[in-house]
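Engineer: Before I ask anything, here is the structure I am working with.
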Amino acid sequence: MSKKITEVSKLKVGSYLLIDDEPYKVVSTATSKSGKHGHAKVRLVAMGVFDESKKDLVFPGDAKIEVPLIDKRNGQVISVGENVMLMDLETYETFELPKPTEADTLSKLAEGAEIEYWSVMNKKKIMRVKG
């Protein structure tokens, strides 16, 4: 699997983490001060990369957590139907992905358009249309 281990206290807004082997983007963080006998706690709010679900989490500041390694790639749209057929511009591999839900990205999607897609934990998603 493409992941690494890091401390929760090193995560910043905009970084990514794995929760139940699903990638999430950190939306906000808050660190509480340590008490007389306790440890500092880190509160995270994270949004799912693929399903847009929201998670509120609390960890000790020195806890270890898995972080996904995101493979950002470029592709070209071959056809647009119920799904989008893409060709990777480096490997020339063709595959289908579901249409993006964002209206801005969906309106620019056409045959021949160049897109950026992410490959995370053996899942792929169209992130933006270039140009």
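Numbers 79 to 209, taken from the numbering used here, label the letters of the sequence shown in order.
The beta-carbon is built from N, C-alpha and C at its ideal position, and this holds for glycine as well.
Excluding five sequence neighbours on each side, which residues of the same chain lie with their C-beta closer than 8 angstroms to the C-beta of L96?
Structural biologist: For L96, where only same-chain residues beyond five positions count, the Cβ hits under 8 angstroms are K81, Y102, I143, E144, V145, P146, M199.
Engineer: Report back the beta-carbon spacing between V207 and A181 to the nearest angstrom; my notes put them in contact at under 8 angstroms.
Structural biologist: Not quite, the Cβ-Cβ distance comes to about 12 angstroms (not below 8 angstroms), so this is no contact.
Engineer: Going by alpha carbons, who is nearest to T107 out of Y195, V123, T169, R151?
Structural biologist: The shortest C-alpha separation from T107 is found at V123.
Engineer: Between which two residues does the alpha helix (DSSP H) holding D182 run?
Structural biologist: Counting along the chain, the alpha helix (DSSP H) containing D182 begins and ends at 181–186.
Engineer: With a CB to CB cut of under 8 angstroms and the five nearest residues on each side skipped, what residues in its chain are close to A188?
Structural biologist: Result list for A188: V155, V158, in chain order.
Engineer: Spell out the partners DSSP gives I156 in its beta bridges.
Structural biologist: DSSP lists no partner for I156.
Engineer: My understanding is that N85 touches D140, with C-beta atoms under 8 angstroms, so please give their C-beta distance in whole angstroms.
Structural biologist: First, the amino acid is wrong: residue 85 is Glu here, not Asn. The pair is a contact, with the Cβ atoms about 6 angstroms apart (cut-off 8 angstroms).
Engineer: What does the alpha-carbon distance come out to for the pair G153 and T179?
Structural biologist: Approximately 18 angstroms between the Cα atoms of the pair.
Engineer: Considering only the beta carbon of each residue, do V136 and R121 sit closer than 8 angstroms?
Structural biologist: Yes, they are a contact pair.
Engineer: Ignore the nearest five residues each way along the sequence and tell me which others in T109's own chain have a CB closer than 8 angstroms to its CB.
Structural biologist: S87, A118, K119, V120, R121, G139.
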